[in-house]
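Numbering (the working numbering), first residue to last: 588 to 766.
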């Protein structure tokens, strides 16, 4: 999942940012009530939030949550639209990607594919916010030496090295906590 990790570095560059978790209905309903909007749908509330915040750029962290007609409506408002994709995608996804001004990915293979498909694309690697570095248990209290949190998609250009590494750890009897 994503978080508001972009806000801090963008703010240091002078950008004004606002993170909305569109699929957190309780937060969205609370925002709607506080701003005197009737709750009809998550997309309608997100549209109101975009109108009130007036961003130049809208970054959709999960483009598959938004229907084409709605994306076209937001784009017609003159805003630049950016999305991110780091997992396999379909032809239907590509049709949606073409509506965005920029498609970011962590995969050089996807970036090359997006470029061949005529999409403006760039690499945005995963990161870790230092805000959370103090949340882990002290070393002497840890029950696992290695924790893996991520995905393992097999196939050409995907996570084959990652899978090999995890299998090597297992072959050597090294316990890994996988999430």
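Note that beta-carbon positions come from the ideal geometry of N, C-alpha and C, so glycine has one too.
Everything numeric in this text was worked out from a predicted model, so none of it was measured.
Report the rounded CA-to-CA distance for residue i versus residue j, giving the unit in angstroms.
i	j	result
residue 544	residue 764	Residue 544 is absent from the model: the chain starts at 588 and stops at 766.
residue 711	residue 733	25 Å
residue 704	residue 647	20 Å
residue 679	residue 686	12 Å
residue 761	residue 736	16 Å
residue 624	residue 632	8 Å
residue 638	residue 676	30 Å
residue 643	residue 594	15 Å
residue 612	residue 628	9 Å
residue 702	residue 681	12 Å
residue 604	residue 620	22 Å
residue 652	residue 636	16 Å
residue 757	residue 742	21 Å
residue 618	residue 645	18 Å
residue 759	residue 700	37 Å
residue 751	residue 709	27 Å
residue 740	residue 655	27 Å
residue 597	residue 622	26 Å
residue 755	residue 766	18 Å
residue 634	residue 626	12 Å
Pull up the DSSP beta-bridge partners for residue i, would you.
i	result
residue 647	670
residue 692	710
residue 677	DSSP lists no partner for residue 677.
residue 764	734
Return the residue from the list the options that minimises the CA-CA distance to residue i.
i	options	result
residue 674	738, 601, 602	738
residue 668	650, 713, 682, 677	650
residue 670	652, 691, 766	691
residue 641	655, 602, 753	602
residue 592	626, 713, 634	713
Residue i and residue j look like a contact to me (Cβ under 8 Å); what is the Cβ gap, rounded to whole Å?
i	j	result
residue 615	residue 606	That belief does not hold up - the Cβ atoms of residue 615 and residue 606 are roughly 12 Å apart, past 8 Å.
residue 630	residue 657	5 Å
residue 707	residue 688	6 Å
Legend entry - Three CB pairs or more closer than 8 Å across the region 694-705 and the region 650-667: Output reads no: the region 650-667 does not touch the region 694-705.
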